[in-house]
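The working numbering puts the first residue of the sequence shown at 568, with every later residue one more than the last. For glycine and all other residues, C-beta sits at the position ideal for the given N, C-alpha and C. Inspection log for the structure reproduced underneath, given as C-alpha cells.
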Amino acid sequence: MLKVLILAVLQGVAEFLPISSSGHLVIGRDFLGLEDAGMRLDLMLHVGTLVSIFAFYRKTIVRILVNFEWLYVLKILASAVPAVIVYFCFHDFVDGLFSNTRMVGALLMFTGAVLIGTRYLPRGTKDIGFGRAFLMGLGQALAILPGVSRSGMTLASARSGQTDPEKAAEFSFLMSAPLILGGMLLDLLKGDVAAEACGLGWTELLTGAAVAAVVGYAALALLVKALKGKWFWLFGPYCLATGLGVLVFAK
Numbered sequence: 568m569l570k571v572l573i574l575a576v577l578q579g580v581a582e583f584l585p586i587s588s589s590g591h592l593v594i595g596r597d598f599l600g601l602e603d604a605g606m607r608l609d610l611m612l613h614v615g616t617l618v619s620i621f622a623f624y625r626k627t628i629v630r631i632l633v634n635f636e637w638l639y640v641l642k643i644l645a646s647a648v649p650a651v652i653v654y655f656c657f658h659d660f661v662d663g664l665f666s667n668t669r670m671v672g673a674l675l676m677f678t679g680a681v682l683i684g685t686r687y688l689p690r691g692t693k694d695i696g697f698g699r700a701f702l703m704g705l706g707q708a709l710a711i712l713p714g715v716s717r718s719g720m721t722l723a724s725a726r727s728g729q730t731d732p733e734k735a736a737e738f739s740f741l742m743s744a745p746l747i748l749g750g751m752l753l754d755l756l757k758g759d760v761a762a763e764a765c766g767l768g769w770t771e772l773l774t775g776a777a778v779a780a781v782v783g784y785a786a787l788a789l790l791v792k793a794l795k796g797k798w799f800w801l802f803g804p805y806c807l808a809t810g811l812g813v814l815v816f817a818k
C-alpha cells in the first residue's frame, strides 16, 4: 500500500506540473522495485488524475455542453490527432523507452531546457485558434516519450503564440482528456489490465486513484497560479537536476 501511495502522489503531482508524470513513474517504479506493477495500477492512477481535471474545470465543461460550444470541442479533437498518429506509428519504440531509465533522465533534461526557455517568451492575451491548437497537439505528441512533460510542451507551444496563460492552461488539460480516455480503452481492449494485477487488490488500486485525484487537483491549482505569475520556468532547473541525477545514479 505504501508503494502504491507513493506512486499515486507522484502521478498526481507530475501529471499537471511540467515535470513529466510518465518519467517520474518510470523512475519511481525503478526505485521502489515495482517495474512489473502492470497496467492495472497505471490505469487507476490515470483515472484519478482524469477525475481531478473534470473536477477543476467542471464549470468550463458544463458551459461547453450547455452552450453547445462545438468549435471548442473540434479544437480539442484536432489537437489529439498528432499524438494518435505518433502512437500508432511508433508505439513499439515508445513502449521500449519505458524500461530505459537513463533515456528518461536525458528526456527530463530536454524538458528542463524547454521550460527555462519559456522565461524569455513574451506574455500575451490571445485566444487559441485551430492553428495554435494543432501546435499544442504536436507538443502533446512529443510528450508521449517518457520524460517529456505534456503540460510543459503544450504550454510552451501556447506561450510561443502569446496565448493568454489561463486559457492556455484550461485548453492544455482539457485536450488531454480524450487521450487519457483513449489510452484507458486501449489497455482494456488489450486485456493487460486484467492479466497483470501483480497482487494488488481493489483496496490498493482505488486508494491510489483517490490519492492521485486529490493531489492532482492541488497540483493543477498550483500550476495555474504559476502561469499567472512569472515562475513557470522554475520547474526547468528541477527537471535538469533530476534528469542529471538519473543519468548518474540509474542502474
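Restricting attention to Arg-596, Gln-578, Ser-716, Leu-789, the CA atom closest to the CA of Glu-733 is found in Leu-789. In the assembly as shown, Cys-806 is a buried residue. Its beta-carbon has 16 or more other beta-carbons within 10 Å. Using a 10 angstroms sphere on the CB of Thr-770, the tally of other CB atoms stays under 16, which defines it as exposed.
Here the C-alpha atom of Leu-752 lies approximately 21 Å from the C-alpha atom of Gly-579. With fewer than 16 other Cβ atoms inside 10 Å of its own Cβ, Lys-792 counts as exposed. Membership of Phe-740 in the alpha helix (DSSP H) is indicated by the continuous run 732-741. Judged by beta-carbon spacing, Leu-755 lies beyond the 8 Å limit of Leu-712, meaning their Cβ atoms are not closer than that value.
Rounded to whole angstroms, the Cβ separation of Leu-617 and Ile-747 is 5 Å, and the two are in contact under 8 Å. Per DSSP, Ala-817 lies in no alpha helix (DSSP H) segment and is marked neither H nor E. Judged by pairs of C-beta atoms under 8 Å, the region 671-686 touches the region 794-811, as three or more such pairs exist. With respect to the 8 Å criterion, Thr-774 and Arg-726 are not classified as neighbours on the basis of their beta carbons.
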